[in-house]
Amino acid sequence: MPVIRIEDIAHVRFAAPDLPAMRAFLADFGLSCFEAGGRLYAKGTDGRPFLHVTEPGEARFLALGLRAASIADLEALAAHEGVDVEGMAEPGGGQIVRLTDPDGYRVEVVAGQETATPEPKVADAPRNTVAAKPRQSATVRLEAAPAHVHRIGHAVLKVRDFRNSEAWYKERFGLLTSDEVEAAKDVPLGAFMRCDLGDRPADHHTLFLAQLPGELGLLHAAFEVANLDDLMLGHQHLKAAGRQSAWGVGRHIMGSQVFDYWKDPFGNELEHWTDGDLFTAADPPQKLPMSALLAVQWGSPHPMFAGRLAPPPGLISFATALILRIKRLLRRNPKGQTA
């Protein structure tokens with residue numbers, strides 16, 4: 000049994016040397032920004048006090064926030080970890096338990112925050128298709144604007160040892176695997192994990208842990224927007240504002256969501272997404288190859304495969320599997336020990 004079962008991701012926290020530059024980007028991205036206590040906060044339309052925090056400092060990722068169901072859950076988690084439940088001196092108040100995961104990432108588990116009434120949702124206009132034509136005697140007229148970010152949906156962390164990190168997060172927070180990704184048969188490189196909400200549907204993933212080459216860090220944080228039109232209007236607005244596109248638009252295989260990735264002024268990657276998969280706790284986990292992680296059902300190819308000299312996907316999977324096998328062997332046979 001896990002110590003607790005988290006309800007959702009709560010926020011992501013960064014440091015940046017130029018808060019006005021970050022604020023301008025986040026406004027173009029579709030978040031509502033405000034400052035308090037020397038920090039920059041950004042929120043969506045779901046009524047949560049904030050989804051994104053930036054503190055002054057050298058540009059870097061600082062922490063992942065997760066939302067517990069109750070203060071009692073925080074107390075149980077704190078007792079298990081031998082830490083304190085602290086008051087949260089930030090917008091929305093509440094309480095917080097601060098942990099450090101196996102890779103040194105700060106994990107902030109929060110509960111009891113005050114929430115506002117969610118803003119009215121953007122209307123999802125009827126669509127005419129071959130199967131049904133509900134929109135009659137009416138036109139589609141969209142106004143140019145940033146996307147309407149509703150909520151934060153997930154984060155992706157690069158880890159050193161996937162199985163070790165997977166166990167840490169599952170044991171504490173009750174996460175369930177939706178899709179495990181393999182570089183080769185029986186060589187896992189990561190997993191998309193969702194919250195265990197019982198019979199209530201949960202997003203396909205709240206956290207993706209990926210054991211990939213390169214430095215550790217946040218690969219991206221993802222924010223749900225109103226619908227496909229809203230995502231495309233957001234893409235158009237960010238492009239017109241001269242923002243740096245990272246990947247998109249397209250539809251993923253695992254999770255199925257329509258995606259659009261952008262870089263903030265400090266190199267952090269944020270995603271707009273819509274139309275993702277939902278599963279209950281009864282849905283079993285699946286295993287898929289690395290090719291399904293890098294491919295799209297339609298849309299822009301992964302940047303790795305966008306150039307003329309793009310490597311074959313099979314070569315990427317082979318090289319990744321080789322690296323993972325070597326690292327696994329080294330963990331089993333530390334330096335100075337014989338095999």
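Counting from 1, position 43 in the sequence shown corresponds to residue 42 in numbering that gives the first Met the number 0; the numbering is continuous, with no gaps. Note that the Cβ used here is the ideal one computed from N, Cα and C, for glycine as well. Being a predicted model, the structure only gives us computed values, none of them experimental.
DSSP, read as helix, strand or coil, puts Phe49 in coil.
Of Pro48, Tyr40, Arg162, the smallest CA-CA separation from Glu54 is found for Tyr40. Here the alpha carbons of Ser136 and Lys286 stand approximately 47 Å from one another. The count of Cβ pairs closer than 8 Å, one atom from the segment 309 to 325 and one from the segment 174 to 194, reaches three, so the stretches are in contact. From the listed residues Val11, Ala15, Ala58, Asp160, the smallest Cα separation to Ile325 is found for Asp160. Annotation note: the segment 153 to 196 contains the following uninterrupted beta strand (DSSP E) runs of length 3 or greater, listed N- to C-terminal: 175 to 183, 186 to 193. Annotated three-state conformation of Arg59 is strand, per DSSP.
In the assembly as shown, Thr273 is a buried residue. Its beta-carbon has 16 or more other beta-carbons within 10 Å. Counting the other Cβ atoms within 10 Å of the Cβ of Ile151 gives 16 or more, which makes it buried. Nearest Cα to Gln94 within the set Ser69, Ala26, His79: Ser69. By the criterion of at least three beta-carbon pairs nearer than 8 Å, the segment 284 to 301 is not in contact with the segment 41 to 48.
Contact between the segment 259 to 278 and the segment 14 to 27 is present: 3 or more CB-CB pairs across the two stretches fall below 8 Å. At the C-beta level, Ala144 and Leu232 come within 7 Å of one another. Inter-residue distance for His203 and Met192 is about 7 Å (C-alpha atoms, whole angstroms). For Ala201, the closest alpha carbon among the candidates Ala281, Ala209, Glu107 is that of Ala281. With contacts defined by Cβ atoms closer than 7 Å, Glu268 and Ala245 form a contacting pair. Its Cα nearest to that of Ala9, the residue Ala221 stands out among Thr319, Gly241, Ala221.
For Gln210, the three-state secondary structure derived from DSSP is coil. Taken in chain order, the complete beta strand (DSSP E) segments of 3 residues or longer contained in the segment 72 to 129 are 94 to 99, 105 to 110. Secondary structure of Asp263 (DSSP, three-state): coil. Within the segment 220 to 303, complete beta strand (DSSP E) segments of at least 3 residues are found at 243 to 250, 257 to 262, 268 to 273, 285 to 288, given in chain order.
From the listed residues Ser31, Arg38, Cys32, the smallest Cα separation to Pro16 is found for Arg38. Per the coordinates, the alpha-carbon of Ala58 lies some 15 Å from the alpha-carbon of Leu215.
When secondary structure is reduced to three states using DSSP, Gly313 falls in the helix class.
Note that the C-beta distance between Ala146 and His271 is below 7 Å. The alpha-carbon of Ala124 is positioned some 45 Å away from that of Ala75.
CA-to-CA, the gap between Met87 and Leu98 works out to about 14 Å. Boundaries for Arg134: no alpha helix (DSSP H) harbours it, and the DSSP string shows neither H nor E there.
Closest by C-alpha distance to Leu227, out of Val248, Leu218, Ala71, Pro212, is Val248. Nearest C-alpha to Val52 among Arg12, Leu61, Leu73, Met0: Arg12. Inclusion of Gln210 and Val158 in the CB contact set at 7 Å is warranted, their separation being smaller than that value.
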